[in-house]
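Everything on this sheet refers to the single structure shown next.
Numbering (the numbering used here), first residue to last: 1 to 386.
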């Protein structure tokens with residue numbers, strides 16, 4: 001995955017934003033072409049993944065049109081899959097049409113109902129933009145462009161979690177990704193409210209599934225693999241800096257978006273190369289061998305903190321030591337996701353296969369090892385002849 005930062009500027013000043021640039025930089029047309037040439041020279045794969053980011057990338061939306069045109073003309077033999085994360089305030093019909101026709105998946109930053117959304121997602125000029133954003137999101141939904149709604153969970157929006165999920169689903173926004181505020185800290189009270197809200201969401205999710213109105217919540221569906229497979233219950237960080245890089249408007253390259261505001265973590269430039277060995281050394285230098293915080297934890301395979309090392313780093317200073325709030329968050333979701341899996345495993349025949357069959361097909365193709373729970377559910381699928 002090659003993430004191209006079109007600008008570090010944003011037209012929002014969201015309270016939970018983790019980006020903290022001392023000065024802003026913007027991509028220009030010449031540098032964009034340099035970046036594209038670098039990507040297609042560096043990576044000889046038939047399929048290339050490109051992600052447009054910011055700041056707010058649509059502040060430089062003309063560069064997106066330019067990039068797609070240049071790639072189509074100069075690399076027609078390559079298959080390119082595009083992604084973009086946007087606050088949706090600057091979406092228009094021409095851009096939605098572009099994404100529809102060019103193999104895009106959009107990540108739409110939107111926190112649900114109006115009261116919750118406006119608690120943290122504030123425009124830089126102080127204007128209320130909720131209605132326009134929601135209108136644009138509905139247009140994306142209706143266009144057929146693949147998307148997910150990225151709903152950030154902050155401490156002040158925890159009480160709205162269930163309401164927000166219902167609001168999205170009732171409006172046909174059925175691909176939901178709930179992202180915790182990276183810097184969130186749970187109080188005793190907010191953690192209890194969070195548990196209650198997640199349980200209510202799970203009950204609603206199961207109810208809708210049972211009534212033929214299935215929708216996707218990434219923190220449920222995406223966690224099924226973590227429970228069905230046995231990864232060895234160990235720290236297994238993502239491929240930051242090796243299989244995935246972040247390219248800034250000035251051409252500097254970083255391993256992860258959590259590090260792009262700190263120049264000491266540059267691992268190359270488009271004028272030189274990606275220093276994969278440096279990327280590895282950075283990760284090794286930030287690994288804490290002495291801290292045993294997670295040594296006895298039974299849900300390491302499940303925990304996002306065992307995969308997102310640089311999220312850990314900006315909180316604790318070590319890639320392998322999650323923040324306390326990450327631990328609390330994951331321990332809330334673990335029993336809930338397990339409950340959903342157990343519900344699916346109790347289904348009969350076709351319903352069971354519809355719920356989990358595709359997961360097992362992928363596990364089989366990828367030669368992954370099943371967990372004990374995964375083996376039990378597979379036996380149930382086989383026994384029912386699904």
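Even glycine gets a Cβ: it sits at the ideal position worked out from N, Cα and C.
Remember, predicted model here, so these are calculated numbers, not experimental data.
Between residue 190 and residue 135, the gap from beta carbon to beta carbon reaches 7 angstroms or more. The beta carbons of residue 168 and residue 198 sit no closer together than 7 angstroms. The C-alpha of residue 35 lies about 6 angstroms from the C-alpha of residue 270. In the three-state reduction of the DSSP assignment, residue 366 falls in the coil class. Per the C-alpha coordinates, the member of 26, 122 and 98 positioned closest to residue 87 is 122.
Relative to residue 81, the option among 54, 91, 47 and 111 whose CA is nearest is 47.
Between residue 267 and residue 253, the C-beta spacing is below 7 angstroms. For residue 93 and residue 129, the gap between their C-alpha atoms comes out near 17 angstroms. Around the beta carbon of residue 101, a 10 Å sphere encloses fewer than 16 other beta carbons of the protein chains shown; the residue is thus reported as exposed. With contacts defined by Cβ atoms closer than 7 angstroms, residue 73 and residue 6 do not form a contacting pair. Here the region 307 to 314 does not lie against the region 289 to 299, with fewer than 3 beta-carbon pairs under 8 angstroms apart. Under a 10 Å Cβ-count criterion, residue 284 is classified as exposed, with fewer than 16 other Cβ atoms of the shown protein chains found around its own Cβ. Membership of residue 253 in the beta strand (DSSP E) is indicated by the continuous run 252 to 254. Beyond the five residues adjoining it in sequence on each side, residue 180 comes within less than 6 angstroms, by CB distance, of 153 and 329 in the same chain, given in chain order. By the C-beta criterion, the region 222 to 237 is judged to be in contact with the region 365 to 381, since at least 3 inter-stretch pairs fall below 8 angstroms. Counting along the chain, residue 38 sits inside the alpha helix (DSSP H) bounded by residues 29 to 42.
DSSP, reduced to helix, strand and coil, places residue 145 outside both helices and strands of the structure shown, so it counts as coil. Each of 203, 131 and 126 was checked against the Cα of residue 161, and the nearest Cα belongs to 203.
According to DSSP, residue pairing for residue 128 in a beta bridge does not occur. C-alpha of residue 3 to C-alpha of residue 50: approximately 6 angstroms in a straight line. DSSP, reduced to helix, strand and coil, places residue 226 within a helical segment of the structure shown. Sixteen is the threshold: since fewer than 16 other Cβ atoms of the shown chains lie within 10 Å of the Cβ of residue 13, the residue is exposed. Residue 164 holds the alpha-carbon nearest to the alpha-carbon of residue 115 among 71, 90 and 164.
Taking C-beta atoms under 8 angstroms as the contact rule, residue 32 and residue 63 qualify, at a distance of about 5 angstroms. Going by C-alpha positions, residue 45 is about 8 angstroms away from residue 78. About 29 angstroms separates the CB atoms of residue 42 and residue 182; that is not less than 8 angstroms, and the two are not in contact. Residue 311: member of the alpha helix (DSSP H) spanning 309 to 316, first to last residue. Rounded to whole angstroms, the Cβ separation of residue 286 and residue 318 is 6 angstroms, and the two are in contact under 8 angstroms.
Contact annotation, residue 108 with residue 147: C-beta distance approximately 6 angstroms; criterion of less than 8 angstroms satisfied.
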